[in-house]
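Below is one structure, written out as C-alpha cells, with a few remarks after it.
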Amino acid sequence: MFLAAKSLAFGLLRKPKLIGLIVAVLAAVFFVWKAYDAGRDANEKDVLRGTVDQLQKRVETDAEIQKLSDFDLCVRINGSVSDCPDI
Numbered sequence: 019m020f021l022a023a024k025s026l027a028f029g030l031l032r033k034p035k036l037i038g039l040i041v042a043v044l045a046a047v048f049f050v051w052k053a054y055d056a057g058r059d060a061n062e063k064d065v066l067r068g069t070v071d072q073l074q075k076r077v078e079t080d081a082e083i084q085k086l087s088d089f090d091l092c093v094r095i096n097g098s099v100s101d102c103p104d105i
C-alpha cells in the first residue's frame, strides 16, 4: 500500500501540468468556499441590522403611545372622534 502511494506521488512529480491543474482546482474550491462564507456572513449581518432597526422603531412607537391619553389613542386607532363617544 505504501509503495503504491509512493510510486503514485513520484509519478505525479514527473507531470507538472497535472500538479498545476490539481493546485488550481484546489485553489478555486478554497476561494469559492471563502466567498460563500463571506456572503452568508454579510446576509446574517443585514438581517440582524434590520431586526435592530425594527426594535428601535418599536421602542419609539411604544413611547409615543404611552404619552397619549385614552381618548387620543381611541381616535388614532378608529380614525374619528365619533367612534370614541364613551371616553
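Counting from 19, one number per residue, gives the positions in the sequence shown under my numbering. Glycine included, C-beta positions come from ideal geometry on N, C-alpha and C. Being a predicted model, the structure only gives us computed values, none of them experimental.
Run of the alpha helix (DSSP H) containing residue i, from where it starts to where it stops
i	result
V50	34 to 85
C92	88 to 96
Residue i to residue j span [Cα, whole Å]
i	j	result
Q72	D101	30 Å
D55	V65	15 Å
I37	L44	11 Å
T69	P103	38 Å
V99	Q74	30 Å
G97	V77	23 Å
I80	D90	For the record, residue 80 in the displayed sequence is Asp; it is not Ile. Rounded to the nearest angstrom, the two C-alpha atoms are 14 Å apart.
S51	N61	Reading off the sequence, residue 51 comes out as Trp, not Ser. Cα to Cα, W51 sits roughly 15 Å from N61.
D59	V47	18 Å
R94	A53	49 Å
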